[in-house]
Structures are given as C-alpha cells and as structure tokens.
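K.L.:
Residue numbers (my numbering), protein chains in the order written: chain Y, 7 to 604; chain A, 208 to 598. Even for Gly, the Cβ is constructed at its ideal location relative to N, Cα and C. My questions will all concern the structure given below.
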Ligand SMILES: C[S@@+](CC[C@H](N)C(=O)[O-])C[C@H]1O[C@@H](n2cnc3c(N)ncnc32)[C@H](O)[C@@H]1O
Ligand code: SF4
C-alpha cells in the first residue's frame, strides 16, 4: 500500500482536439507504464467509436509509477474524463474521486466552451489546477495570449503554466513534477472502517461487472465481504486491481488509491454510481453521492427489417447492461411497426448507441425525430411527462405545456458573432450575457432544449466554420406556446414524423419540413401531397410531382437475366423504404427531414 | 414420338407462343463507342477461319441440344457483325438451313456500322442469305456524332444507308437521343428528317449512361454535362411517340417503331418470350429442354471463347422466374401479355389491388385477355414492373 503522501490523483480537463489523449499517452509512455511496443495512439480510448470520433465516453483510469526529482517514488492516478457535454455528468463524478486537474489548453487555439464547463466542475470539486499549454511546437502557438485568456475568462492564476508539446515530448517531465509538487496528496485514515466511492462501473463479458472505486478510508482486500450502502446488498470481492492501463491484479487498496474490484455482479444496474461501499456489518456515513443521470433526449429506434425486432431487443438489452443512463421501452408505431422508445443523455449519446447497434449487432435502424421531455399539465391538475409527440393527449384536456430550457455558453471569434447571435435568436434564445476575451466573444443564452437537440451544433459549426465552441447545462422547465405538428403524406398522417414546435415557428418549420420531404421521397407514379398540420388545420403544403421517366431504353438481345438483376436492385432499394399507404418513404427521411438549413 | 425425351417438343410448351430463333454474337468493332457496354472489343487481327470453325462447331452443338424446332429468325448482332467475312456468314446460314426446319419467311438480320459498309460487301451479304439490315446511325448531325465517338459523318452514314436500301428490302436504323445539350426542338427536326429516310422500321433509344463505359466514368466524375433532366427525357420520349405515330410508324415496343408487318421478328421472339439459342461470346439462350426452360450464358471474352474455353453457365428457371421474365419482356410490347399464359406459369394471377391501382392511374389496360401498358405507362415501365412483380 502506498503512503498517502506519495499518491497524487488527478484528471485532465481539455476541449476536444486540444491534445488531452496525446498528453495522457506521453505521461504513460515516459514513465514506462506501457512497453513501447504495446503503445497505441490514444491508449485510454478503448471503444472503436470513441477512437473514430476522437472522444472519450466512459471514464478511464491509469496508474502511473513515477520517481520524482526528489528521489521518492510516487503513484499517480489519472482518471480520464469524457469531454462531451452529453457526458458532463460522468465528468462531475470522476472529478469527485481526485484532488487535482491538469487544465490543457491548445496554445494555438485558446480557451473553448467545453474547457470552461469542465474547469468549472473541477473548481466546484475543490481541485488544485495546473494549467498546461499544449502544442507549443506549432508556429501559431501564442502562450502569452492563452495565459491572459485563462486568467481573464476562467479566473485562475496562469503564472505556473507549463508549456508542453505532447507531440515532441517537450514539457512532459515538468508536467510530472508539477503533479507531484503542486497537486495535494489525498487525505484518509487507513485504520478507519472501509469507506470507498463507487466511481463507475461497466460490464465485461469475462469478469462480469467491473467496479471502479476510490478508497476514502480503510482498506479493501481480496476476499472481503462488502456492502453497497444505497441498497444494502452484499458481495464477495473476488478480484482487486489497478489499471496500467491494462488490468493488473493486486491484493489490497488503501486510502487515496484508485482501482477496481469484481464481485460476481451480473448487471451494471445493480451498482449505483456515487454509492458508498463499506465492509459488511460496518456502519459508515454515506458520501454525498450523485443523483442519477436523467435521459433528456428521446427517440424511437425501429428495425428496417421488421423481422429483426427480436434481435434489436437483444442488442438493446445488452447495451443497457453497461449503460445505466440509457432507458428504453417498447413502442409500436402504425407506420414503423415494433420498436423501442429510447432515452439518452444527449444527441451524441444517441448516435453512439445507434451506431453500436448498427455496427456491432448488424441491425439497420430507422431513427425517428428526437424529442425532449415535455411536461404536460392537464386540466385536472395532474402532470404527464411526454416522451413521444405521438402520445400527446387530447388538447381539450390539456391546460398548458412546459419545456426544458438550457443555459448555453458559446465562445466564438468576433467575426462570426453576428451569425451565432442570429442562430440563437432563430432558435428562440434569450441572450443572458455577452462578453469578450481578446478577439473572442462569449455569449450566454437561455435556449429551449428542443431547439438545440437536433442540429444546433451542426449549424453552429457550419456558420462559424468550426471556430465556435459550445456547451450547455439544463436549467429547468418553462411554460410556452407549444403545439404538436403532424405531417401528412398523401393525406395519411405519418406518426413517426410528428413533432412538438413552438406555435410561432410552426409555419416556418412546417414549410421547411414539407420542402425537405419533397426532396427526400422519390417520385411515384402519381403526385403526392405533403402537408404539415396542427390539429386539423393545414399550415404548409408541397406537392411531389409524379414520376415521368423510368424505363430501360435498350433491350440487350436475349439478356433477360440482366433485366432481372436490375429489378432485384430496385427491390433492394425498396427494402430501405417504409410504406405509408401507397407511398414509399426512405428510412433516412425520418431524420433528414428535421434538419433545418437556415 | 411425343414423349418428353423425344426430339419433338411437346405441343403445350410455353416457348411456342414466342417461336424459336438463333442469335450469333460477333464481338468486335473498329472502335469502342464511349457510351456502349455491349460485349464488343477492338482487336488488331482476326483469324476469320478460326471464328468460322468455332461458330460451326457451336451451331452443331446447339442442334444436338435443340433439334427439330421450326426456325423463325437468325440474327447476327454485336459488336459490329458487318465486319464479318461474308463468306463466314454464308457458310453459317447454309449450315443452319441444313440443321433446322425453316419457316417460310425466315428473317436473317445483320447489324451494320456505317463505317464498314461497301456496296460489294453488302451484295455478298445478300447472296449469303441476309435479308434484313439494321444500321447504327445514332445521330443526324456531325457535332453529336463526334460527341458520341462515332467514326462516321452524317453524309457517310446516309451514303451507307443508301447502299443498304439499294441492296436489301428490309432495312432499319438506330438513333440515340436524349444526348448532351439536345433540346426538344433539335430532336423534333432531327427525328423528322430521320422519318423521311425511314423505310419501314426504326429503333430510337434514349441514351443510357452505363457504368463501366467511358461515359459512365465521365458521368461519375461530374464531367458529363448537359444530359436531359427526367422531365426533358419524358418530353423527348412523348415527342418521339407523337412524331412516329403521325408518320405511320407507331411504337410496337418501348424503343422500336415499325409499319404494320415490318416488326423485327427476331426481337419479337425475345419479347414474346420464345426460345432462342445464342452462339458466340457472351451470348444468352433460353432453351426449353425436356420440358424445363434453361437460361444459358456463354463465356464472355472473345479470346478464351475462340480458344475453346466456352463453358457456359446454366440454370433451370423455376416457373415463377419464367413468369417474371415473361412479364418483364412482354410488357415492353404494345400488344402486351397474354394473361392466361402468365397465370399458367405463375400459378396464380396478379394481386388485384395492385392491378386496380395501376389501372386507376391509367398505366395499364386489359383487352381480350391481354394486359398491356398504356402510352403513358411506357415511360415509367420499370416502376410498373416493380409494382406488378410485387416488391
Ligand atoms: C450493338 S449496337 C448496333 C450496331 C453497331 N454496333 C453500331 O453501333 O453501329 C446496338 C444499338 O444499341 C444502341 N446503344 C448502344 N449503347 C447505348 C446506350 N448506352 N444508350 C442508348 N443506346 C445505346 C445504339 O443505338 C446501337 O446502335
Ligand atoms: S455502339 Fe456499336 S460500334 Fe459502338 S462499340 Fe457498341 S457495338 Fe461497337
């Protein structure tokens, strides 16, 4: 067991692309934690999807042994946190397990919105913060400017900031020294009863549920009988270990240490993140704990091939095993058949889950319009949580609706500010603050979540050529004039396309939607009216004209096989569509129709 | 002698509704046209004796498999079969006539390219037994001929066509329309001129961009500009129907027009889903053998084929597949399809709701036990087929 004075626990706060993973890799490499031949880029991001998108979703940990300049041997525990706003909740709880943070800022870019959101979480968690200015090898690097920004915008002292190039290795040694010298050692009592924080948990096909713990007091040994305070369940610890970053088994963990345990737990749902763990028959005061993550975005997932419904159920069950923040229940749609209504932490979370189902389980999916959770107040005083616009109760019984709002922080170079303000305005935003840090503006907006959920981030990226950064947090619910808009294709309502909109925006949204659908639905042999309606009233209308030409001009002698193959191809194309009455709608239409270009 | 294994096919075999023909594929051209994805190749030297011998061998083999049936048509297609030695054509026709019983009005067609037409050779082809010529003229203006990669001018094409007309009673020619930058009015003028030259048959194909051709590559690279929109394509097609109708050459098939009685009998065999034996590289056959319809495809590349590696791929078509092919082929014809014949093969009739829907839309009609596609329906035939064949 390592003495408390020789332990440092820390996380890294950074905006995406600012070099967090590369820095982590260098720290691991320069301390010989991993043999050079085993070194892969971005060691800590395990999942393919994470690797592809360059993001971290789950917290990852690594234990680094480091002999400092003072000749002493230290144990450094790094918890790598997700950078994306969807997973802000995971960031906050990981932060509670460590005492300090490295604040990594790209010295060619400066502070970004995500950096801000995460660094405030670190400050909230009472962290000691060491600024690290990365990418100093690039010609555009401007350390003075970034230092000024860090002091102005974040309000922390940047005089001790370490200039680093994670790429060349410059400054890595200094970073390790700073961790030892400036970050506090953890506190704890080795002789007190065991008190450990359940930081995270995930499912492993071989070992069952793996539980990441931070020991606060006492000692955890292999063979111990432990108890989860939240539900009183007890478990027999069969393995204890640390990550380097591969799993390494050890016999005991002491105060201040971070490691994992397994105890033949079958489901992630049986563990509660933030829970307090102690020994059986011991009483300790519970840690503050975390409130469970709430799904905020809902959508329907339906198999393209309805015969795959059971496969989909299976896939979703398995994914849910490892992701307690993902909720689901069965849904039936007149148009799409059987599927699931699923809840996610945000759009990225939605996309990650959807991609995993399609890729790992080979099921093609139709994803319906994402929706937030509305509060529907009924005339009889009750309140219904509306997850699916299709379930909107009859208006005669409804008193009013409330929708979730967010506080959005956007950092953007001055020249794009006008476009950003317009975008926020268009999305019903209310400006709360507008300040400058050098040539960058920071705009804070109160926005309805439903205006952001879908394509706000894409739009923001495109109007600012990628130079804006964005983060948000939920603030609460507010009443507004919201209505359900239905879409009728060839005079038949398509439930999967109905959505909640603000009454003042309904015409505009309806028109945009009809125009989009007109482009997305292939021409048929007859003309097809496409309408948007509120209640019985049509508010927008387009007509898709009839197909005029689709014929094979030449006949290749007696090659009838060729014709048959052509028809088979057509057939395969049709399989990717859904039939609504006599109209075939391509599956991608359900998402694409909602994207707004302006 | 009417048992299944006899050489006389049973009287109730489906193919009889379409007749029997032989197709001979000549796989060479002087140059490869950029839009063309026929099995045609350019080569420096051709061993005509070897080709003659190989063809003769294949005819013999075909006869062993499918003897005895009355032959309605022989078609030399390509490629550019007008590049064949007239002598080769002559021996083959002679051999065919000794192997099969011949219909009184046997049609023997040769496809010709205007660049390879000489009066003397044409006379030789006539002596060899060719009685119908189909010539690929493609366009009646030099700019478009160039853009289509053709090696002849309009004047040369017309001269070649004159020779053909002087030599044969039955001559037809092909045009491609829906070309780059071709306006509706341009086509009206050009087609009117074409109709004034026409004898009794005309093939008018809308340009199709085929993958794997030079045009296909250019198209994928976004470099083939000025192609007609679907709407213009439809207008061009309608105009074509109108003009040809007025000139007394109504469409008898999607892209083929003829005076009454002048239809290509050979192509009618395909479209009426008869039996046909294909000879030569890449040639296709549909042959009813022992009561089962076989789909046969010969080795594609001329080189290996000539060197004796002609293994064909064969499959036996199920009744459903035959029904499908019957629909796909016969609905291309104005006269449409015999419903009883379809039902006999398919085992059941079409879905009535689908038929009603298509009828209500004015896409199809019924008359005297036949289902046919309307004038309006022809331009969206693929969509109709998709509906009818129920996917
Ligand atoms: C085998 S060629 C006939 C004769 C000869 N090879 C020639 O081109 O002169 C058959 C006909 O198909 C037509 N054709 C070929 N490729 C085509 C395409 N991509 N689109 C439309 N028609 C095409 C041409 O009209 C051509 O004449
Ligand atoms: S269009 Fe005719 S000449 Fe041109 S390559 Fe094709 S077959 Fe040969």
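Looking only at its own chain, which residues have a Cβ that is under 6 Å from the Cβ of residue 326 (chain Y), when we skip the five neighbours before and after it?
P.N.:
Within the same chain, residue 326 (chain Y) has close Cβ partners 332.
K.L.:
Which class does residue 532 (chain Y) belong to by DSSP, given the choice of helix, strand or coil?
P.N.:
Coil at residue 532 (chain Y), not helix or strand.
K.L.:
In this structure, does DSSP put residue 494 (chain Y) in helix, strand or coil?
P.N.:
Strand.
K.L.:
By a C-beta neighbour count over all protein chains shown, 10 Å radius and 16 as the cutoff for buried, is residue 169 (chain Y) buried or exposed?
P.N.:
The residue is buried, with at least 16 neighbouring Cβ atoms inside 10 Å.
K.L.:
Is the Cβ-Cβ distance between residue 458 (chain A) and residue 448 (chain A) less than 8 Å?
P.N.:
Yes; because the gap between Cβ atoms is below 8 Å, this pair is in contact.
K.L.:
Regarding residue 414 (chain A) and ligand 1, is the C-beta to nearest heavy atom distance less than 7 Å?
P.N.:
Because some heavy atom of ligand 1 lies under 7 Å away, the Cβ of residue 414 (chain A) counts as near it: yes.
K.L.:
Anything in the region 120-134 of chain Y with a Cβ closer than 8 Å to a Cβ of chain A? List those residues in chain order, please.
P.N.:
Here the close residues number zero.
K.L.:
Around the Cβ of residue 391 (chain A), are there at least 16 other Cβ atoms within 10 angstroms (buried) or fewer (exposed)?
P.N.:
With fewer than 16 other Cβ atoms within 10 Å, it is exposed.
K.L.:
Using the rule of at least 16 other Cβ atoms within 10 Å of the residue's Cβ for burial, across every protein chain shown, is residue 72 (chain Y) buried or exposed?
P.N.:
Classification of residue 72 (chain Y): buried, given that the 10 Å Cβ count is 16 or more.
K.L.:
Whole angstroms are fine: how far does the CA of residue 497 (chain Y) sit from the CA of residue 546 (chain Y)?
P.N.:
Rounded to the nearest angstrom, the two C-alpha atoms are 13 Å apart.
K.L.:
Return yes when at least one heavy atom of ligand 2 lies under 7 Å from the C-beta of residue 320 (chain A), else no.
P.N.:
Indeed, a heavy atom of ligand 2 lies less than 7 Å from the Cβ.
K.L.:
Under three-state DSSP, which class holds residue 209 (chain Y)?
P.N.:
In the structure shown, residue 209 (chain Y) sits in a strand (DSSP, three-state: E or B).
K.L.:
Between the beta-carbon of residue 605 (chain Y) and the beta-carbon of residue 485 (chain A), is there less than 8 Å?
P.N.:
With chain Y covering only 7 through 604, there is no way to say anything about residue 605 (chain Y).
K.L.:
Quick one, which of A:373, A:595 and A:432 has its alpha-carbon nearest residue 389 (chain A)'s?
P.N.:
Checked all of A:373, A:595 and A:432; the closest Cα to residue 389 (chain A) is A:432.
K.L.:
So that I know if they touch, is there some Cβ in chain A lying closer than 8 Å to that of residue 533 (chain Y)?
P.N.:
No, its Cβ sits nowhere closer than 8 Å to a Cβ of chain A.
K.L.:
So the beta strand (DSSP E) residue 491 (chain A) belongs to, where does it begin and stop?
P.N.:
Unbroken beta strand (DSSP E) run through residue 491 (chain A): 491-496.
K.L.:
Could you round the C-beta distance between residue 381 (chain A) and residue 410 (chain A) to whole angstroms and report it? I think they count as a contact, below 8 Å.
P.N.:
The Cβ separation is near 4 Å, so the contact holds.
K.L.:
Taking the DSSP output, what are the residues bridged to residue 545 (chain A)?
P.N.:
Answer is A:577, bridged to residue 545 (chain A).
K.L.:
Give, in chain order, every residue of the region 495-508 of chain Y whose Cβ lies closer than 8 Å to some Cβ of chain A.
P.N.:
Within the region 495-508 of chain Y, no residue qualifies.
K.L.:
If you follow the beta strand (DSSP E) that residue 507 (chain Y) is in, where does it begin and where does it stop?
P.N.:
Residue 507 (chain Y) -> beta strand (DSSP E) spans 505-508.
K.L.:
With 8 Å as the limit, tell me which residues of the region 549-575 of chain Y have their beta carbon closer than that to any beta carbon of chain A; keep them in chain order.
P.N.:
Listed by position along the chain: 553, 554, 555, 556, 557, 558, 559, 560, 561, 562, 563, 564, 565, 566, 567, 569, 570, 572 and 573.
K.L.:
Indicate, with yes or no, if ligand 2 has a heavy atom lying under 7 Å from the CB of residue 287 (chain A).
P.N.:
Yes, since a heavy atom of ligand 2 falls inside the 7 Å radius drawn around the Cβ of residue 287 (chain A).
K.L.:
What residues of chain B sit near residue 492 (chain A), judged by a beta carbon separation below 9 Å?
P.N.:
Chain labels in this structure do not include chain B; the protein chains are Y and A.
K.L.:
For a test of the three-state rule: what should DSSP assign to residue 126 (chain Y), helix, strand or coil?
P.N.:
Here residue 126 (chain Y) sits in helix by DSSP.
K.L.:
Could you tell me the distance, in whole angstroms, from the CA atom of residue 327 (chain A) to the CA atom of residue 400 (chain A)?
P.N.:
Near 27 Å, if we compare the C-alpha coordinates of residue 400 (chain A) and residue 327 (chain A).
K.L.:
So with CB distances below 9 Å, who are the chain Y contacts of residue 359 (chain A)?
P.N.:
The contacting residues do not exist; residue 359 (chain A) stays about 21 Å from chain Y at best.
K.L.:
Check whether the Cβ atoms of residue 444 (chain A) and residue 536 (chain A) lie closer than 8 Å to each other.
P.N.:
Taking 8 Å as the Cβ cut-off, residue 444 (chain A) and residue 536 (chain A) do not qualify as a contacting pair.
K.L.:
Can you tell me whether residue 229 (chain A) is buried or exposed, with buried defined as 16 or more other CB within 10 angstroms of its CB?
P.N.:
Per the 10 Å Cβ criterion, buried.
K.L.:
For residue 70 (chain Y), collect the residues of the same chain with a Cβ closer than 7 Å to its Cβ; drop the 5 residues on either side in sequence, then sort them by chain order.
P.N.:
33, 34, 37, 39, 82 and 84.
K.L.:
Please tell me whether residue 265 (chain A) has its Cβ less than 8 Å away from any Cβ of chain Y.
P.N.:
Not closer than 8 Å to any Cβ of chain Y, the Cβ of residue 265 (chain A) fails to qualify, so no.
K.L.:
Nearest to residue 386 (chain A) by alpha carbon, out of A:426, A:367, A:268 and A:578?
P.N.:
Of the listed residues, the one whose Cα sits closest to residue 386 (chain A) is A:426.
K.L.:
Does the beta carbon of residue 515 (chain A) fall short of 7 Å from some heavy atom of ligand 3?
P.N.:
This structure does not include ligand 3; its bound ligands are ligand 1 and ligand 2.
K.L.:
Quick test of the definition: if touching needs 3 or more C-beta pairs under 8 Å, does the region 233-252 of chain A touch the region 548-557 of chain A?
P.N.:
Touching, no.
K.L.:
If we cut at 8 Å on Cβ distances, does residue 524 (chain Y) have a partner in chain A?
P.N.:
So, not an interface residue.
K.L.:
Out of A:569, A:510, A:450 and A:564, which has the shortest C-alpha to C-alpha gap to residue 251 (chain A)?
P.N.:
Of the listed residues, the one whose Cα sits closest to residue 251 (chain A) is A:510.
K.L.:
Would you say residue 269 (chain A) faces chain Y, with C-beta separation under 8 Å as the test?
P.N.:
No - not a single Cβ of chain Y is within 8 Å of the one on residue 269 (chain A).
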